[in-house]
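Undergrad: Here it is, the structure, as C-alpha coordinates.
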Amino acid sequence: MVIDGRTLVTYFEKMVPPSLALEKDRIGFQLGSLDRQITGVLVTLEVTNAVVEEAIKMGANWIFTHHALIFQPLSSIHMDQPRGKLLEKLIVNQIQVYVAHTNLDTVKDGVNEVLANEIGLLNQQTFLIHGEDPLIKLVVFVPTDHLEEVRNALGESGAGSIGAYSHCTFAAKGEGTFLAGENTKPFMGVQGELSRVEEYRLETVFPQSMQPKVMQALLESHPYEEVAYELYPVKHSIPFGMGKVGELLGKMNLQNLVKLVKQAYELDYVKVVGDVKKEINKVALLGGAGSRYVQEAKRQGAQVYLTGDIDYHTAQLALEEGIALIDIGHATEQRVVPSVCQQLKKYIGDEVPVLSSKVDMNPFQIC
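Note that the sequence shown ends on residue 400 in my numbering; no numbers are left out.
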(Lines of atoms letter the chains of each structure in order from A; the text may use other names.)
(Lines give C-alpha, C1' and ligand atoms only; values in the text may rest on other atoms or scores of the structure.)
Protein backbone atom coordinates (compact mmCIF):
# COMPACT_ATOMS: atom_id res chain seq x y z
CA MET A 34 0.00 0.00 0.00
CA VAL A 35 1.42 3.39 -1.04
CA ILE A 36 0.42 6.17 1.35
CA ASP A 37 1.51 9.78 1.11
CA GLY A 38 1.48 12.39 3.82
CA ARG A 39 -1.86 13.92 2.87
CA THR A 40 -3.59 10.56 3.18
CA LEU A 41 -1.88 9.86 6.50
CA VAL A 42 -2.97 13.24 7.89
CA THR A 43 -6.54 12.39 6.86
CA TYR A 44 -6.30 9.21 8.93
CA PHE A 45 -4.77 11.05 11.89
CA GLU A 46 -7.56 13.60 11.88
CA LYS A 47 -10.28 10.97 11.71
CA MET A 48 -8.76 9.41 14.82
CA VAL A 49 -8.02 12.65 16.66
CA PRO A 50 -10.16 15.50 15.26
CA PRO A 51 -8.44 18.91 15.47
CA SER A 52 -11.79 20.45 16.49
CA LEU A 53 -11.41 18.86 19.94
CA ALA A 54 -8.24 20.81 20.77
CA LEU A 55 -8.04 23.88 22.94
CA GLU A 56 -7.96 27.16 21.03
CA LYS A 57 -4.44 28.18 19.96
CA ASP A 58 -2.98 24.78 20.86
CA ARG A 59 -0.01 23.80 18.70
CA ILE A 60 -1.34 20.78 16.83
CA GLY A 61 -1.24 19.31 13.34
CA PHE A 62 1.52 18.99 10.76
CA GLN A 63 4.66 20.75 12.00
CA LEU A 64 7.64 19.66 9.92
CA GLY A 65 8.42 17.97 6.59
CA SER A 66 6.61 17.41 3.31
CA LEU A 67 3.13 16.01 2.79
CA ASP A 68 4.13 14.65 -0.62
CA ARG A 69 6.57 12.03 0.64
CA GLN A 70 5.59 8.37 0.62
CA ILE A 71 5.28 6.89 4.11
CA THR A 72 7.88 4.27 5.06
CA GLY A 73 6.77 3.92 8.67
CA VAL A 74 5.15 5.80 11.56
CA LEU A 75 6.69 6.08 15.02
CA VAL A 76 4.25 7.09 17.78
CA THR A 77 5.73 8.86 20.80
CA LEU A 78 4.99 11.20 23.70
CA GLU A 79 7.71 13.66 22.73
CA VAL A 80 10.25 14.23 19.96
CA THR A 81 13.72 13.90 21.48
CA ASN A 82 17.10 13.08 19.98
CA ALA A 83 16.72 9.48 21.16
CA VAL A 84 13.30 9.23 19.47
CA VAL A 85 14.66 10.57 16.18
CA GLU A 86 17.51 8.03 16.33
CA GLU A 87 14.89 5.34 17.00
CA ALA A 88 12.88 6.44 13.94
CA ILE A 89 15.98 6.38 11.74
CA LYS A 90 16.93 2.91 12.96
CA MET A 91 13.40 1.59 12.36
CA GLY A 92 13.10 3.22 8.92
CA ALA A 93 10.13 5.36 9.96
CA ASN A 94 9.89 8.73 8.23
CA TRP A 95 6.84 10.00 10.18
CA ILE A 96 6.60 10.76 13.90
CA PHE A 97 3.21 11.13 15.56
CA THR A 98 3.81 12.97 18.84
CA HIS A 99 1.65 14.19 21.73
CA HIS A 100 3.90 17.06 22.80
CA ALA A 101 4.58 19.67 20.14
CA LEU A 102 7.98 19.79 18.49
CA ILE A 103 7.54 23.54 17.95
CA PHE A 104 5.44 25.21 20.64
CA GLN A 105 6.72 28.80 20.58
CA PRO A 106 7.43 30.77 17.38
CA LEU A 107 11.06 30.40 16.31
CA SER A 108 13.07 33.57 15.70
CA SER A 109 16.19 31.62 14.73
CA ILE A 110 17.57 28.08 14.47
CA HIS A 111 21.14 27.47 15.63
CA MET A 112 22.49 24.14 14.41
CA ASP A 113 25.19 24.15 17.10
CA GLN A 114 22.58 24.08 19.89
CA PRO A 115 20.45 21.10 21.03
CA ARG A 116 17.11 22.28 19.59
CA GLY A 117 18.70 23.29 16.28
CA LYS A 118 20.57 19.97 16.06
CA LEU A 119 17.30 18.11 16.61
CA LEU A 120 15.51 20.03 13.85
CA GLU A 121 18.50 19.57 11.52
CA LYS A 122 18.50 15.80 12.12
CA LEU A 123 14.79 15.60 11.30
CA ILE A 124 15.20 17.64 8.13
CA VAL A 125 18.33 15.87 6.89
CA ASN A 126 16.68 12.47 7.40
CA GLN A 127 13.42 13.67 5.81
CA ILE A 128 11.32 12.81 8.86
CA GLN A 129 7.88 14.40 9.10
CA VAL A 130 6.30 15.40 12.43
CA TYR A 131 2.59 15.55 13.28
CA VAL A 132 1.24 16.71 16.67
CA ALA A 133 -1.97 15.80 18.51
CA HIS A 134 -1.96 17.47 21.92
CA THR A 135 -5.13 18.58 23.73
CA ASN A 136 -7.24 16.88 21.07
CA LEU A 137 -5.55 13.58 22.02
CA ASP A 138 -6.19 14.42 25.69
CA THR A 139 -9.88 14.90 24.86
CA VAL A 140 -10.81 12.27 22.28
CA LYS A 141 -12.37 8.90 23.07
CA ASP A 142 -9.59 6.33 23.63
CA GLY A 143 -7.22 9.25 24.18
CA VAL A 144 -4.84 10.01 27.04
CA ASN A 145 -7.33 10.49 29.84
CA GLU A 146 -9.68 7.67 28.91
CA VAL A 147 -6.74 5.25 28.70
CA LEU A 148 -5.47 6.34 32.14
CA ALA A 149 -8.97 6.15 33.65
CA ASN A 150 -9.62 2.69 32.22
CA GLU A 151 -6.30 1.33 33.45
CA ILE A 152 -7.26 2.01 37.08
CA GLY A 153 -10.82 0.80 36.49
CA LEU A 154 -12.75 4.05 36.90
CA LEU A 155 -16.50 3.56 36.57
CA ASN A 156 -19.21 6.06 35.56
CA GLN A 157 -16.64 8.29 33.91
CA GLN A 158 -17.52 11.94 33.28
CA THR A 159 -15.50 14.72 31.67
CA PHE A 160 -13.51 16.65 34.27
CA LEU A 161 -12.75 19.93 32.45
CA ILE A 162 -15.27 20.82 29.74
CA HIS A 163 -13.97 23.21 27.08
CA GLY A 164 -16.42 22.77 24.22
CA GLU A 165 -19.54 21.13 22.83
CA ASP A 166 -19.77 18.75 19.89
CA PRO A 167 -23.07 18.99 17.95
CA LEU A 168 -24.91 15.71 17.42
CA ILE A 169 -25.71 14.38 13.95
CA LYS A 170 -28.45 11.84 13.23
CA LEU A 171 -27.67 9.27 10.55
CA VAL A 172 -30.43 7.44 8.69
CA VAL A 173 -29.36 4.69 6.28
CA PHE A 174 -31.29 2.03 4.37
CA VAL A 175 -29.79 -1.46 4.65
CA PRO A 176 -30.81 -4.81 3.11
CA THR A 177 -32.03 -7.27 5.73
CA ASP A 178 -29.11 -9.70 5.46
CA HIS A 179 -26.56 -6.92 6.13
CA LEU A 180 -28.34 -5.12 8.97
CA GLU A 181 -26.19 -6.51 11.76
CA GLU A 182 -22.93 -6.02 9.87
CA VAL A 183 -23.64 -2.34 9.24
CA ARG A 184 -25.05 -1.79 12.73
CA ASN A 185 -21.95 -3.29 14.35
CA ALA A 186 -19.59 -1.33 12.11
CA LEU A 187 -21.29 1.92 13.08
CA GLY A 188 -21.17 1.01 16.76
CA GLU A 189 -17.48 0.09 16.60
CA SER A 190 -16.74 3.44 14.92
CA GLY A 191 -18.22 5.23 17.93
CA ALA A 192 -21.70 6.03 16.61
CA GLY A 193 -24.62 5.41 18.93
CA SER A 194 -22.93 6.40 22.18
CA ILE A 195 -25.42 7.90 24.62
CA GLY A 196 -24.04 8.45 28.11
CA ALA A 197 -22.65 5.16 29.42
CA TYR A 198 -24.42 3.22 26.63
CA SER A 199 -22.85 2.40 23.27
CA HIS A 200 -24.05 0.86 19.96
CA CYS A 201 -27.47 2.55 20.32
CA THR A 202 -29.54 2.25 17.13
CA PHE A 203 -33.14 1.95 15.95
CA ALA A 204 -34.25 -0.16 12.96
CA ALA A 205 -37.63 -0.42 11.23
CA LYS A 206 -38.46 -2.79 8.38
CA GLY A 207 -39.86 -1.54 5.09
CA GLU A 208 -39.73 -1.87 1.31
CA GLY A 209 -37.21 -0.05 -0.85
CA THR A 210 -37.42 0.43 -4.61
CA PHE A 211 -34.86 1.33 -7.25
CA LEU A 212 -34.25 1.06 -10.96
CA ALA A 213 -30.64 0.26 -11.82
CA GLY A 214 -29.52 2.16 -14.90
CA GLU A 215 -26.81 1.47 -17.45
CA ASN A 216 -23.27 0.80 -16.23
CA THR A 217 -24.49 -0.29 -12.81
CA LYS A 218 -23.83 -3.50 -10.90
CA PRO A 219 -26.71 -3.73 -8.43
CA PHE A 220 -26.08 -5.83 -5.32
CA MET A 221 -29.76 -6.88 -5.46
CA GLY A 222 -32.39 -6.67 -8.17
CA VAL A 223 -31.99 -6.63 -11.96
CA GLN A 224 -30.48 -3.90 -14.10
CA GLY A 225 -33.12 -2.04 -16.12
CA GLU A 226 -36.06 -3.31 -14.06
CA LEU A 227 -37.84 -1.70 -11.11
CA SER A 228 -36.70 -3.70 -8.08
CA ARG A 229 -38.44 -4.03 -4.73
CA VAL A 230 -36.34 -5.20 -1.81
CA GLU A 231 -36.84 -5.70 1.90
CA GLU A 232 -34.73 -3.15 3.76
CA TYR A 233 -34.35 -1.69 7.21
CA ARG A 234 -34.28 2.00 8.01
CA LEU A 235 -31.38 2.15 10.47
CA GLU A 236 -30.91 5.21 12.67
CA THR A 237 -28.17 6.30 15.05
CA VAL A 238 -26.44 9.45 16.31
CA PHE A 239 -22.85 10.57 16.60
CA PRO A 240 -20.86 13.74 17.44
CA GLN A 241 -20.02 15.92 14.46
CA SER A 242 -16.28 15.54 15.09
CA MET A 243 -16.62 11.80 14.40
CA GLN A 244 -18.37 12.18 11.04
CA PRO A 245 -15.40 11.17 8.81
CA LYS A 246 -14.76 8.06 10.92
CA VAL A 247 -18.43 7.04 11.08
CA MET A 248 -19.04 7.60 7.38
CA GLN A 249 -16.00 5.52 6.46
CA ALA A 250 -17.33 2.68 8.61
CA LEU A 251 -20.74 2.97 6.94
CA LEU A 252 -19.45 2.96 3.37
CA GLU A 253 -17.02 0.09 4.00
CA SER A 254 -19.65 -2.15 5.62
CA HIS A 255 -22.63 -1.41 3.36
CA PRO A 256 -23.03 -3.75 0.36
CA TYR A 257 -24.71 -1.31 -2.04
CA GLU A 258 -22.91 0.31 -4.95
CA GLU A 259 -24.72 3.56 -4.07
CA VAL A 260 -25.54 3.90 -0.37
CA ALA A 261 -28.75 5.79 0.43
CA TYR A 262 -28.28 7.75 3.64
CA GLU A 263 -29.39 11.02 5.24
CA LEU A 264 -27.73 13.27 7.84
CA TYR A 265 -29.74 15.56 10.11
CA PRO A 266 -28.58 18.11 12.67
CA VAL A 267 -29.88 17.35 16.17
CA LYS A 268 -30.70 20.10 18.68
CA HIS A 269 -28.42 18.50 21.24
CA SER A 270 -24.69 18.49 21.71
CA ILE A 271 -22.15 16.53 23.74
CA PRO A 272 -19.77 18.42 26.03
CA PHE A 273 -16.14 17.50 25.57
CA GLY A 274 -12.97 18.29 27.43
CA MET A 275 -9.98 16.93 29.26
CA GLY A 276 -9.64 14.63 32.25
CA LYS A 277 -12.02 12.20 33.89
CA VAL A 278 -13.99 12.00 37.11
CA GLY A 279 -15.21 8.57 38.15
CA GLU A 280 -15.68 6.01 40.87
CA LEU A 281 -13.51 3.13 41.94
CA LEU A 282 -14.89 -0.40 41.79
CA GLY A 283 -15.02 -0.37 45.58
CA LYS A 284 -13.93 1.92 48.38
CA MET A 285 -10.28 1.69 49.40
CA ASN A 286 -7.88 3.74 51.44
CA LEU A 287 -5.35 6.06 49.83
CA GLN A 288 -2.47 3.67 50.50
CA ASN A 289 -4.13 0.86 48.57
CA LEU A 290 -5.08 3.22 45.76
CA VAL A 291 -1.42 4.22 45.48
CA LYS A 292 -0.50 0.54 45.08
CA LEU A 293 -3.16 0.15 42.37
CA VAL A 294 -1.95 3.26 40.52
CA LYS A 295 1.70 2.20 40.60
CA GLN A 296 0.83 -1.25 39.30
CA ALA A 297 -1.56 -0.01 36.61
CA TYR A 298 0.80 2.67 35.28
CA GLU A 299 3.98 0.63 35.85
CA LEU A 300 5.51 3.31 38.08
CA ASP A 301 8.39 2.77 40.49
CA TYR A 302 7.25 5.63 42.67
CA VAL A 303 4.64 8.40 43.02
CA LYS A 304 4.41 11.48 45.25
CA VAL A 305 1.43 11.48 47.60
CA VAL A 306 -0.30 14.24 49.57
CA GLY A 307 -2.83 13.36 52.29
CA ASP A 308 -3.67 10.78 54.92
CA VAL A 309 -2.83 7.34 53.51
CA LYS A 310 -5.62 5.83 55.64
CA LYS A 311 -8.24 8.12 54.10
CA GLU A 312 -11.06 6.21 52.39
CA ILE A 313 -11.39 6.89 48.67
CA ASN A 314 -14.30 6.31 46.33
CA LYS A 315 -14.39 9.17 43.82
CA VAL A 316 -11.33 10.08 41.73
CA ALA A 317 -10.47 12.99 39.45
CA LEU A 318 -7.73 12.45 36.89
CA LEU A 319 -5.91 14.65 34.38
CA GLY A 320 -2.93 13.45 32.37
CA GLY A 321 0.01 15.84 32.12
CA ALA A 322 0.42 18.99 34.20
CA GLY A 323 -2.85 19.61 36.03
CA SER A 324 -1.90 21.07 39.41
CA ARG A 325 -3.95 24.24 38.85
CA TYR A 326 -7.20 22.24 38.97
CA VAL A 327 -7.01 20.90 42.53
CA GLN A 328 -9.91 23.03 43.74
CA GLU A 329 -12.02 22.03 40.72
CA ALA A 330 -11.43 18.37 41.57
CA LYS A 331 -12.57 19.06 45.13
CA ARG A 332 -15.63 20.96 43.85
CA GLN A 333 -16.65 17.93 41.77
CA GLY A 334 -16.59 15.70 44.83
CA ALA A 335 -13.33 13.84 44.28
CA GLN A 336 -11.50 12.62 47.39
CA VAL A 337 -8.26 12.24 45.43
CA TYR A 338 -6.82 13.91 42.36
CA LEU A 339 -4.32 12.20 40.04
CA THR A 340 -2.17 14.41 37.83
CA GLY A 341 1.45 15.38 37.16
CA ASP A 342 3.90 18.17 38.00
CA ILE A 343 2.47 18.99 41.44
CA ASP A 344 4.49 21.69 43.22
CA TYR A 345 4.96 22.54 46.90
CA HIS A 346 2.32 25.28 47.06
CA THR A 347 -0.26 23.11 45.31
CA ALA A 348 0.42 20.32 47.80
CA GLN A 349 -0.15 22.74 50.69
CA LEU A 350 -3.38 23.93 49.07
CA ALA A 351 -4.61 20.34 48.78
CA LEU A 352 -3.97 19.75 52.48
CA GLU A 353 -5.99 22.87 53.31
CA GLU A 354 -8.81 21.79 50.99
CA GLY A 355 -8.86 18.25 52.38
CA ILE A 356 -8.28 16.49 49.07
CA ALA A 357 -5.57 13.88 48.56
CA LEU A 358 -3.14 14.05 45.64
CA ILE A 359 -1.19 11.43 43.75
CA ASP A 360 1.47 12.88 41.44
CA ILE A 361 1.65 10.32 38.62
CA GLY A 362 4.16 12.35 36.65
CA HIS A 363 3.86 13.92 33.23
CA ALA A 364 5.32 10.92 31.42
CA THR A 365 2.31 8.70 32.24
CA GLU A 366 0.72 10.26 29.15
CA GLN A 367 2.93 7.81 27.28
CA ARG A 368 0.39 5.12 28.22
CA VAL A 369 -1.74 6.27 25.25
CA VAL A 370 0.91 5.33 22.66
CA PRO A 371 -0.19 1.67 22.14
CA SER A 372 -3.82 2.80 21.76
CA VAL A 373 -2.85 5.30 19.03
CA CYS A 374 -0.86 2.61 17.22
CA GLN A 375 -3.74 0.16 17.38
CA GLN A 376 -6.21 2.70 15.98
CA LEU A 377 -3.87 3.80 13.18
CA LYS A 378 -3.24 0.21 12.09
CA LYS A 379 -6.98 -0.14 11.42
CA TYR A 380 -6.65 2.55 8.76
CA ILE A 381 -3.39 1.66 7.06
CA GLY A 382 -3.19 -2.10 7.60
CA ASP A 383 0.10 -3.99 7.88
CA GLU A 384 1.95 -2.80 4.79
CA VAL A 385 3.25 0.38 6.45
CA PRO A 386 4.83 -0.26 9.88
CA VAL A 387 3.28 1.57 12.84
CA LEU A 388 5.62 1.44 15.82
CA SER A 389 5.47 2.44 19.50
CA SER A 390 8.48 4.36 20.75
CA LYS A 391 10.43 2.45 23.40
CA VAL A 392 12.27 5.54 24.66
CA ASP A 393 11.58 6.20 28.37
CA MET A 394 10.22 9.74 28.60
CA ASN A 395 10.54 10.09 32.38
CA PRO A 396 13.47 12.45 32.97
CA PHE A 397 13.49 11.83 36.75
CA GLN A 398 15.17 9.13 38.79
CA ILE A 399 15.32 8.41 42.49
CA CYS A 400 18.85 8.36 43.90
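Ideal Cβ placement from N, Cα and C applies to all residues, glycine included.
Under 8 Å between the Cβ atoms of Phe-273 and Leu-41?
TA: Start at 1 with the first residue of the sequence shown, and residue 273 comes out as number 240. Start at 1 with the first residue of the sequence shown, and residue 41 comes out as number 8. No, they are not a contact pair.
Undergrad: Can you tell me the Cβ-Cβ gap for Gly-61 and Asn-94, rounded? I've got them flagged as a contact below 8 Å.
TA: Counting from 1 along the sequence shown, the entry for residue 61 is found at position 28. Counting from 1 along the sequence shown, the entry for residue 94 is found at position 61. Rounded, the Cβ-Cβ distance is 18 Å, inconsistent with contact.
Undergrad: Just verifying my parser: in three-state terms, what is the DSSP assignment at Arg-59?
TA: Taking the first residue of the sequence shown as position 1, residue 59 is located at position 26. Looking at Arg-59 - three-state DSSP - the assignment turns out to be coil, as it is neither helix nor strand.
Undergrad: Can you confirm whether the segment 333 to 341 touches the segment 350 to 370 when touching is taken to mean that 3 or more C-beta pairs between the two stretches lie within less than 8 Å?
TA: Output reads yes: the segment 333 to 341 touches the segment 350 to 370.
Undergrad: Express the C-alpha separation of Gln-129 and Thr-81 in angstroms, rounding to a whole number.
TA: Counting from 1 along the sequence shown, the entry for residue 81 is found at position 48. Counting from 1 along the sequence shown, the entry for residue 129 is found at position 96. If I take the Cα positions, the gap works out to 14 Å.
Undergrad: Exposed or buried, Arg-332, counting other C-beta atoms within 10 Å across all chains shown (16 or more means buried)?
TA: As a working note, residue 332 is residue 299 in the sequence shown. Arg-332 is exposed by the Cβ-count criterion.
Undergrad: What number of angstroms, rounded off, separates the C-alpha of Tyr-131 from the C-alpha of Phe-97?
TA: Along the sequence shown, read from residue 1 onward, the residue named residue 131 stands at position 98. Along the sequence shown, read from residue 1 onward, the residue named residue 97 stands at position 64. C-alpha separation (whole angstroms): 5 Å.
Undergrad: Using only CA atoms, which one of Leu-252, Gly-207 and Phe-220 lies nearest to Glu-231?
TA: By one-based count along the sequence shown, residue 231 stands at place 198. When only C-alpha atoms are compared, the closest one is Gly-207.
Undergrad: What three-state label does DSSP hand Lys-141 in the structure shown?
TA: In the sequence shown, the residue the question calls residue 141 occupies position 108. Coil at Lys-141, not helix or strand.
Undergrad: My guess is that Gly-191 and Lys-141 are in contact by the Cβ rule of under 8 Å, so how many angstroms apart are they, rounded?
TA: Here residue 191 refers to the residue found at position 158 of the sequence shown. Here residue 141 refers to the residue found at position 108 of the sequence shown. With a Cβ gap of about 6 Å, Gly-191 and Lys-141 count as contacting.
Undergrad: Bridge partners of Trp-192, per DSSP?
TA: Here residue 192 refers to the residue found at position 159 when the sequence shown is read from its first residue. Here residue 192 is Ala; the residue named in the question, Trp, does not match the sequence. According to DSSP, Ala-192 bridges with nothing at all.
Undergrad: Would you call the segment 373 to 380 in contact with the segment 293 to 311, where contact means no fewer than 3 C-beta pairs closer than 8 Å?
TA: Short answer: they don't touch.
Undergrad: Which class does Arg-234 belong to by DSSP, given the choice of helix, strand or coil?
TA: As a position in the sequence shown, residue 234 is number 201, starting the count at 1. Of the three classes helix, strand and coil, the one that applies to Arg-234 here is strand, per DSSP.
Undergrad: Which residue wins for smallest C-alpha separation from Glu-151, given the options Pro-396, Asp-383 and Arg-368?
TA: Looking up residue 151 in the sequence shown gives position 118. Per the Cα distances, Arg-368.
Undergrad: DSSP puts Ile-402 in a beta bridge; with which residues?
TA: Look at the range of the chain in this structure, 34 to 400, and you will see that residue 402 is not part of it.
Undergrad: Leaving aside the five residues before and after Glu-280 along the sequence, list all residues of the same chain whose C-beta is less than 8 Å from its C-beta, in chain order.
TA: Sequence index remark: in the sequence shown, residue 280 carries index 247 (1-based). Hits under 8 Å: Leu-154, Leu-155, Asn-156, Asn-314, Lys-315 and Val-316.
Undergrad: So, with DSSP's three-state summary, where would you put Phe-104?
TA: Taking the sequence shown and counting its residues from 1, the one referred to as residue 104 is at position 71. If DSSP states are grouped into helix, strand and coil, Phe-104 belongs with coil.
Undergrad: Take Leu-123 as the anchor and find which of Pro-106, Glu-146 and Ile-89 has the nearest alpha-carbon.
TA: Your numbering for residue 123 matches position 90 in the sequence shown. With distances taken between Cα atoms, Leu-123 lies closest to Ile-89.
Undergrad: State the Cα-Cα distance for the pair Asp-138 and Met-112, rounded to the nearest angstrom.
TA: Locating residue 138 in the sequence shown gives position 105, counting from the first residue. Locating residue 112 in the sequence shown gives position 79, counting from the first residue. In a straight line, the C-alpha of Asp-138 is about 32 Å away from that of Met-112.
Undergrad: Tell me, please, which residues DSSP counts as bridged to Gly-164.
TA: Taking the sequence shown and counting its residues from 1, one reaches residue 164 at position 131. Gly-164 pairs with Phe-273.
Undergrad: Find the nearest neighbour of Lys-277 within the set Val-125, Gly-196, Leu-107 and Leu-319, judged by alpha-carbon distance.
TA: As a position in the sequence shown, residue 277 is number 244, starting the count at 1. Comparing Cα-Cα distances from Lys-277 to each of Val-125, Gly-196, Leu-107 and Leu-319, the minimum goes to Leu-319.
Undergrad: In whole angstroms, what is the alpha-carbon distance linking Glu-253 and Glu-236?
TA: Here residue 253 refers to the residue found at position 220 of the sequence shown. Here residue 236 refers to the residue found at position 203 of the sequence shown. Computed Cα separation, rounded: 17 Å.
Undergrad: So the alpha helix (DSSP H) Gln-398 belongs to, where does it begin and stop?
TA: Start at 1 with the first residue of the sequence shown, and residue 398 comes out as number 365. No alpha helix (DSSP H) contains Gln-398, which DSSP labels as neither H nor E.
Undergrad: Do Asn-136 and Pro-240 have their C-beta atoms closer together than 8 Å?
TA: Numbered from 1 along the sequence shown, position 103 holds the residue referred to as residue 136. Numbered from 1 along the sequence shown, position 207 holds the residue referred to as residue 240. Not in contact: Asn-136 and Pro-240 (Cβ atoms no closer than 8 Å).
Undergrad: By the DSSP assignment, the beta strand (DSSP E) with Leu-53 in it spans what residues?
TA: For this step, residue 53 is matched to residue 20 along the sequence shown. Here Leu-53 belongs to no beta strand (DSSP E), and DSSP marks it neither H nor E.
Undergrad: From the DSSP output, in three-state form, read off Arg-325 for me.
TA: Along the sequence shown, one-based indexing puts residue 325 at 292. Note: Arg-325 maps to helix in three-state DSSP.
Undergrad: Is Phe-220 helix, strand or coil when you go by DSSP?
TA: By 1-based counting over the sequence shown, the position of residue 220 is 187. The answer is coil: DSSP assigns Phe-220 none of H, G, I, E or B.
Undergrad: Does Glu-215 pass the burial test, meaning 16 or more other C-beta atoms within 10 Å, or should it be called exposed?
TA: Residue numbering aside, residue 215 sits at position 182 when the sequence shown is read from its first letter. With fewer than 16 other Cβ atoms within 10 Å, it is exposed.
Undergrad: Quick check: the segment 162 to 171 against the segment 284 to 292, are there 3 or more CB pairs under 8 Å?
TA: No: fewer than three Cβ pairs fall under 8 Å.
Undergrad: For the alpha helix (DSSP H) containing Val-152, name the first residue and the last one.
TA: Position 119 of the sequence shown, counted from the start, is the residue given in the question as residue 152. The displayed chain sequence assigns Ile, not Val, to residue 152. Taken as a continuous stretch (DSSP letters only), Ile-152 belongs to no alpha helix (DSSP H), as it is neither H nor E.
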